[in-house]
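Below is one structure; the comments refer to it alone.
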Amino acid sequence: MSRIAARPSSHLLELHLQRWRGRVVAALLLLWLLMLVGRAVYLQGLHHDFLQRKGDAVVNRILVLPAHRGMITDRRGEPLAISTPMESLWANPVSVSANQEQVMHLARLLGMPVKDLQARLNEQDREFVYIKRQLPPDQAAAATQLGIPGLYLRREYRRYYPSADVTAQLLGFTNVDDVGQEGLELTYQNWLAGIPGSRRVVKDRRGNIVEDLESIQSPKPGRDLALSIDMKIQYLAYRELQAAVLANKAKDGAIVVLDAKTGEILAMANLPSYNPNNREGVKLWQMRNHAVTDEYEPGSTMKPFTVAAALDAGTIKPDTVIDTGDGTYELGNRRIHDTHANGMLTISQIIEKSSNIGAAKIALELKPEYFWDELHKAGFGTAPKIGFPGAASGRLRPYQNWRPIEQATMAYGNGIAVSLLQMARGYTVFANDGVMKTVSLLKQDVPSDNGVQVFSPAAARAVRAMMETVVSPEGTAPRAQVAGYRVAGKTGTAHKPEDGRYSAHKYIASFIGMAPASNPRLIVAVMIDEPDAGQYYGGIVAAPVFSSVMSGALRVLDVPPDNPTGNVVLPPAASHAEEESM
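Terminal number for the sequence shown in this note's numbering: 1960, no gaps in between.
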């Protein structure tokens, strides 16, 4: 009986417990639902913008669109530096899926070691890795045709120089990112580079672009740059300089051609040169623009400045006669030499025969401060403002420290350092009645200024007439004559300083001149460094280069002749007329 009575009580307890559990579960479910609703309201309402930004940061990307670099042209519009579109191969290592055979095939196609390629593909902590940059179109297409997931192409630009070694040191070059590294490419980087653009895209977790959202900014191309260079004259100057450097077994050489009226640089060439389109194995010294950055002692090409300064000071007149003696002049414990004993010489003959003694005596009659000031006004000791990196200022020592021997030797170009461009600029004073023109590497539609008056018109014209005698059969540079044109110029032959002393066997030969001498249009400055084929005088080594370049350039510019075509008269044989004092 007791067992039967216990059953109803146990059953009622069980039913009571089940109802309690159901209520708890229902309450928990309701609470969980309320929490979900609250969380949804919190996320979707209160923090929607924050979460949207976080999501965008994961999938949205900003792609940089490269800008097309501006073109460099000569004064006639001929392209000298252009940017051509190229493709660069890059990878997202996370999404790359390639077997060993595909990797080896890609390495052979790109011409790179398999281990280097594999190392780049294994950089799992990066989303962007360049495999190889600036591929030719056919090579880029072949790489993508392998069908390797995770490999992509990116449009870039590569600089190309049609004139190659002819303008290498002048233009410079850009690096793989199309940023100027040397020469005018470096100077005018901001002008040429342009402004990159950008686009916003959506990428999946493997880095693939799944949606192109918007263009943020279109790329702005760089601006073109028109140089003062005339490529017809540039090719001519380079060819003649190259022939002279090879024939004379010289270390290097440089040439500058100036428009005497505007100061524009029509040609500037250097040797040895290099091909900027393929710089493998090129040495740093080959990249230097010797005409602008290198300093040298100009030798006798300084004598016209000494004479002009003395004419303006009134210490000499064009018909003054100076005794140069037996070719030796002692000053303190130093001795100044002429190549030959010339005796009594007029001022014009001092220029014609290139007498060191005559120039030294003229300079010693000038006050040091005045002589320094005249040379400084002519541009010595200051770098030409042409916007070229590394332009040399030369060396013009303070006059307060000059000793008499230093003032004397400076008169004929020893103890002073210049660049070839400085010398060419300086000679504009003799072409423009004493006015020195500002030189420029950019095409000048309108002359930038009227220049600086350095010497009086009378002194400049007198010296120019004296320099005409230099190219006569009796002068030091008859080989500088140009058929049909009067020429005025000056030779320079200088020993090179070496270890604090002047070398007995290393020379710099130069010639600087202008034509037509009646109304100069062009100035050509030539420098040959360390000629080593038996001749080293400026009148023999550098003057013929001047003649060839000047003759061709005058024809290119269609400058009317100012002398009969049969005016070229050379000495009967190589004689002391072509030698000069050093």
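Beta carbons: idealized from backbone N, C-alpha and C, even for Gly.
If you're wondering where the values come from, they're calculated on a predicted model, not measured in any experiment.
Proximity to residue i [Cα-Cα], best of the options
i       : options                               : result
THR1640 : LEU1820, VAL1848, LYS1874 and TYR1707 : LEU1820
PHE1889 : PRO1782, ASP1494 and THR1869          : THR1869
MET1665 : ALA1604, PRO1676, ALA1931 and ASN1648 : ASN1648
ILE1700 : ARG1712, MET1413, VAL1685 and HIS1446 : VAL1685
SER1541 : ALA1621, THR1451 and PRO1599          : THR1451
ARG1601 : LEU1614, ALA1628, ILE1573 and ARG1617 : ILE1573
TYR1535 : ARG1511, LEU1548 and GLN1523          : ARG1511
TRP1569 : ALA1604, ASP1543 and LEU1548          : ALA1604
SER1475 : TYR1530, PHE1758, ASP1877 and VAL1415 : TYR1530
ILE1460 : PHE1551, ARG1401, TYR1863 and GLU1479 : PHE1551
ILE1725 : TYR1674, ALA1688, GLY1705 and ASP1704 : ALA1688
VAL1934 : LEU1948, ASP1637 and ALA1669          : ASP1637
ARG1333 : ASP1556, GLY1765 and GLY1677          : A query on residue 1333 cannot be resolved here, the shown segment of the chain reaching from 1379 to 1960 and no further.
ASN1470 : GLN1478, LEU1614 and ALA1497          : ALA1497
ILE1906 : ALA1546, ALA1571, VAL1544 and LYS1627 : LYS1627
LEU1499 : LEU1488, SER1959, GLY1489 and VAL1481 : VAL1481
ASP1751 : ALA1738, LYS1739 and PHE1683          : PHE1683
GLU1852 : GLU1730, ASP1503 and PRO1782          : GLU1730
VAL1937 : ARG1899, PHE1758, ALA1903 and PRO1949 : ARG1899
VAL1368 : MET1928, TYR1863 and ASN1897          : Summary: the structure shown does not reach residue 1368, with the chain confined to residues 1379 through 1960, and so no result is reported for it.
GLN1478 : VAL1492, PRO1875, ARG1504 and LYS1739 : VAL1492
Coil, strand or helix - residue i by DSSP
i       : result
GLY1400 : helix
SER1380 : A caution first: SER1380 carries a pLDDT of 46, below 50, which makes its placement in the model unreliable, though a value can still be read off. In this structure, SER1380 counts as helix in the three-state DSSP scheme.
LEU1644 : strand
ARG1842 : helix
PHE1551 : coil
ASN1757 : In the sequence on display, residue 1757 carries Gly and not Asn. The answer is coil: DSSP assigns GLY1757 none of H, G, I, E or B.
ARG1781 : coil
HIS1446 : coil
ASP1910 : coil
TYR1539 : coil
MET1665 : helix
THR1706 : strand
GLN1567 : helix
ALA1769 : coil
GLY1489 : coil
GLN1831 : strand
ARG1965 : Because the chain in this structure spans residues 1379 to 1960, residue 1965 falls outside the shown range and cannot be described.
ARG1775 : coil
HIS1718 : coil
VAL1934 : helix
PRO1942 : coil
LEU1948 : coil
LEU1723 : strand
ALA1920 : coil
C-alpha distance - residue i paired with residue j, whole-angstrom precision
i       : j       : result
PRO1942 : ARG1775 : 45 Å
ALA1519 : ARG1486 : 14 Å
PRO1514 : MET1464 : 6 Å
ALA1769 : GLY1804 : 15 Å
GLY1528 : VAL1507 : 11 Å
GLN1778 : ALA1645 : 38 Å
GLY1721 : ILE1728 : 11 Å
GLU1708 : ALA1761 : 35 Å
GLY1575 : ARG1447 : 13 Å
TRP1780 : ILE1794 : 12 Å
VAL1634 : GLN1523 : 51 Å
ARG1879 : ALA1756 : 27 Å
TYR1566 : ASP1940 : 40 Å
ASP1608 : LEU1562 : 16 Å
GLU1743 : PRO1696 : 15 Å
ASP1371 : TYR1674 : The requested residue 1371 does not occur in the structure, where the chain is confined to residues 1379 to 1960.
GLN1517 : ARG1453 : 36 Å
GLU1958 : ASN1655 : 42 Å
ASN1945 : MET1844 : 18 Å
ASP1877 : ARG1533 : 53 Å
THR1854 : LEU1662 : 36 Å
Please list the segments of the beta strand (DSSP E) lying wholly inside the segment 1853-1885, counting only runs of 3 or more residues, in order along the chain. For the segment 1853-1885, whole beta strand (DSSP E) runs of length 3 or above, ordered along the chain, are 1866-1876.
Three or more C-beta pairs under 8 Å: does that hold for the segment 1900-1912 against the segment 1822-1839? Touching, no, given that fewer than three Cβ pairs across the two stretches are closer than 8 Å.
Stretch-stretch touch, CB-based, cutoff 8 Å, three pairs: the segment 1915-1927 with the segment 1880-1888: Output reads yes: the segment 1880-1888 touches the segment 1915-1927.
Cβ contact check for the segment 1834-1842 and the segment 1922-1931: 3 or more pairs under 8 Å: Contact fails: fewer than three Cβ-Cβ distances are below 8 Å.
What runs of the beta strand (DSSP E), each 3 residues or longer, lie entirely inside the segment 1450-1475? If we require 3 residues or more, the beta strand (DSSP E) runs fully inside the segment 1450-1475 come out as 1457-1469.
Counting only runs of 4+ residues fully inside the segment 1494-1546, write out the alpha helix (DSSP H) ranges in chain order. The qualifying runs are 1515-1522.
Alpha helix (DSSP H) runs wholly inside the segment 1593-1659, at least 4 long, in chain order: Segments of the alpha helix (DSSP H) lying fully in the segment 1593-1659: 1609-1625.
In chain order, each alpha helix (DSSP H) run of at least 4 residues that lies wholly inside the segment 1780-1810: List check, alpha helix (DSSP H) in window: 1782-1788, 1798-1804 and 1806-1809.
Please confirm if the segment 1703-1722 is in contact with the segment 1778-1788, defined as three or more CB-CB distances below 8 Å between the two stretches. Yes, the segment 1703-1722 is in contact with the segment 1778-1788.
Evaluate contact between the segment 1799-1819 and the segment 1612-1624, counting only Cβ atoms and requiring at least three cross-stretch pairs below 8 Å. No, because fewer than three Cβ pairs between the segment 1799-1819 and the segment 1612-1624 fall closer than 8 Å, the two stretches do not touch.
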